[in-house]
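Counting from 1 along the sequence shown, just add 161 to a position and that's the residue number in the numbering used here. Heads up, the beta-carbon is just placed ideally off N, CA and C, and yes, glycines get one too. Note that this is a predicted model, so its numbers are computed, not measured.
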Amino acid sequence: MKTLDVVSICNALVDILVTATEQDIQTLGLNKGIMHLVDDARQQEVIAHFKNTKTTMELGGSSMNAIRTIAALGGKTSFAGTIGHDAYGEHIQTRMKALGIASHISKVDAHTGLCFILVTPDGERTMNTSLGASCLFDESIVPEADIKAAKVFHFSGYQWANASQISAIKKALKIAKEAGTLISFDVADPFVCRNSRQEFVQLIEEYADIVFANREEAHLLYESTPEHACNRITESGAIAAIKLGAEGALIGKGKDRYTIAPVATTVIDTTGAGDMFASGFLYGMCQGKSLEVSGKIAATLASDVISRLGASVGDKGLKAAKAL
């Protein structure tokens, strides 16, 4: 019997968000709308640029965003990752405990991973990530018992960063497969998809039961339209969840297709939209909802999170999602 809903291994990060202008993006020499992997010196340079600007802080990391939202909805979750011996690491542990997330956190001799996010007036987010301790996990942190006890093991393309992380994820995938735990894969970002396209396609074919990708990621994976990408994913036996932004989403399983309408809102900040979509979809599936209803829950959460600054859904959004 499965006693957990979703378990994840992910880069444990702290997100720091700041409102920025187009001029800020240009001055800092950033490519708008993508994730930049930066070293500590570059991260401090970006932070210093906004030293007099108000910031907000929250648990970060793609899969962590999904896990903490599922927990906020009442789902039973578990998370494994690595942090440093510092205040940011303490923040992660404190927030996880408050949310009721089962913790498999290890501390290593490096600073806790930090993602500094610039949000421009159009709601687009430009991320600057210094991974620090977050990318130093290996096979030793894999929570084997929790993976076996979970309905879903969820991870993202961001974990394809180095050999030790990849080895840990592959170990987790084998455990999940043998235990009958569904494997959920979020491509997560065009940057990582572009660098690891062949590995991701192979991973989908060999392991994935659920695949999340946005329009650009789907194009990078299969060099075609969202519809074609959906077909390719379902042909491998997985459920496809193709996120289409303002056009909603396309869900596919086998020959069945469901068009999920977007939930109208005013866009403030797109940070975490994809992660919230994944959280809603996985929560719905774990609650025994249909794919279509799970898609509607996903769209509801994604709509709520982009209407506010930061990657957290408000109480109203959580209530609306649970009512579906």
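Helix or strand or just coil, what does DSSP make of residue i?
| i | result |
| --- | --- |
| Ile-400 | strand |
| His-246 | coil |
| Phe-442 | helix |
| Val-362 | helix |
| Lys-477 | helix |
| Lys-312 | strand |
| Met-437 | helix |
| Leu-260 | helix |
| Glu-219 | strand |
| Val-353 | helix |
| Lys-414 | strand |
| Leu-382 | helix |
| Ala-469 | A quick correction: the sequence has Arg, not Ala, at residue 469. Coil. |
| Ile-253 | helix |
| Ala-425 | coil |
Skipping 5 residues on each side, what residues in its chain have a beta carbon closer than 7 Å to that of residue i?
| i | result |
| --- | --- |
| Leu-297 | Thr-243, Val-269 and Ala-271 |
| Gly-284 | Val-428, Ile-429, Asp-430, Thr-431 and Ile-467 |
| Ile-365 | Phe-346, Val-372, Ile-394, Ser-397 and Ala-399 |
Apart from the five residues just before and just after residue i, which ones in its own chain have a Cβ nearer than 6 Å to its Cβ?
| i | result |
| --- | --- |
| Leu-260 | Arg-229 and Ala-232 |
| Ala-459 | Phe-438, Gly-441 and Phe-442 |
| Val-348 | Gly-318, Cys-354, Ala-374 and Glu-378 |
Whole angstroms are fine: how far does the CA of residue j sit from the CA of residue i?
| i | j | result |
| --- | --- | --- |
| His-380 | Glu-360 | 15 Å |
| Lys-477 | Gly-250 | 29 Å |
| Ser-345 | Thr-180 | 32 Å |
| Gly-413 | Ile-394 | 8 Å |
| Ala-482 | Leu-234 | 8 Å |
Quick check on the DSSP output: the alpha helix (DSSP H) that includes residue i runs from which residue to which?
| i | result |
| --- | --- |
| Arg-418 | Run containing Arg-418: none in the alpha helix (DSSP H); it sits in the beta strand (DSSP E), 417-421. |
| His-265 | Run containing His-265: none in the alpha helix (DSSP H); it sits in the beta strand (DSSP E), 263-268. |
| Ile-458 | 452-466 |
| Ser-328 | 324-340 |
| Ile-208 | 201-210 |
| Thr-188 | 183-188 |
How far does the beta strand (DSSP E) with residue i in it extend, from its first residue to its last?
| i | result |
| --- | --- |
| Gly-274 | 274-280 |
| Val-179 | 174-180 |
| Leu-343 | 343-347 |
| Asp-107 | No information on residue 107 is available, as it lies outside the stretch 162 to 485 that the chain covers here. |
| Ser-301 | From DSSP, Ser-301 is part of no beta strand (DSSP E); its letter is neither H nor E. |
| Ala-374 | 371-375 |
| Met-288 | 286-291 |
According to the neighbour-count rule (16 or more other Cβ atoms, all chains shown, within 10 Å of its Cβ), is residue i buried or exposed?
| i | result |
| --- | --- |
| Lys-237 | buried |
| Pro-304 | buried |
| Lys-215 | exposed |
| Gly-433 | buried |
| Asn-172 | buried |
| Ser-224 | buried |
| His-197 | buried |
Go through its chain and collect everything with a Cβ distance to residue i's Cβ below 8 Å, but skip five positions before and after it.
| i | result |
| --- | --- |
| Asn-192 | Thr-287 |
| Tyr-419 | Leu-411, Ile-412, Gly-413, Leu-452, Glu-453 and Gly-456 |
| Thr-182 | Thr-281 and Pro-282 |
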